[in-house]
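Going by numbering that gives the first Met the number 0, the first residue of the sequence shown is number 0, and it counts up by one from there. In this text, a Cβ means the ideal position worked out from N, Cα and C, and glycines have one as well. Below: one structure, written as structure tokens.
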Amino acid sequence: MKSYQFFTAEGRGGTMLCDDETLADAVAELQQRFKQVVKVQYGSEVWEAPTAPSEPSQNSSEPCQT
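Here's what the structure looks like:
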């Protein structure tokens, strides 16, 4: 049994005890149970959700690319 810490974008978080052997398996299970999981940690192993590229600001002097 392993203990995985998790956090969501909504500020929820906690610890999940499960028999998942890999961090990837734990991430998949947590994403099924909770919405918007952004981070899962087991010891020094950490998974973080990829961040979306930031929107260009309206004051940018660079032309938009299409």
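C-alpha distance - residue i paired with residue j, whole-angstrom precision
{"i": "Gly12", "j": "Thr50", "result": "19 Å"}
{"i": "Glu20", "j": "Thr14", "result": "15 Å"}
{"i": "Ala8", "j": "Phe33", "result": "10 Å"}
{"i": "Gln4", "j": "Gln40", "result": "5 Å"}
{"i": "Ala48", "j": "Val37", "result": "5 Å"}
{"i": "Ser59", "j": "Ala25", "result": "The predicted position of Ser59 is uncertain, since its pLDDT is 49 and thus under 50; no value can be drawn from it."}
Residues bridged to residue i [DSSP beta-bridge criterion]
{"i": "Gly12", "result": "Phe6"}
Closest residue to residue i among the options (Cα-Cα distance)
{"i": "Leu16", "options": "Phe6, Glu44, Gly42, Met0", "result": "Met0"}
{"i": "Asp18", "options": "Phe6, Trp46, Gln31, Ser2", "result": "Ser2"}
{"i": "Gly10", "options": "Trp46, Ala27, Gln35", "result": "Gln35"}
Cβ separation of residue i and residue j, assumed to be a contact under 8 Å, to the nearest whole Å
{"i": "Glu44", "j": "Leu22", "result": "5 Å"}
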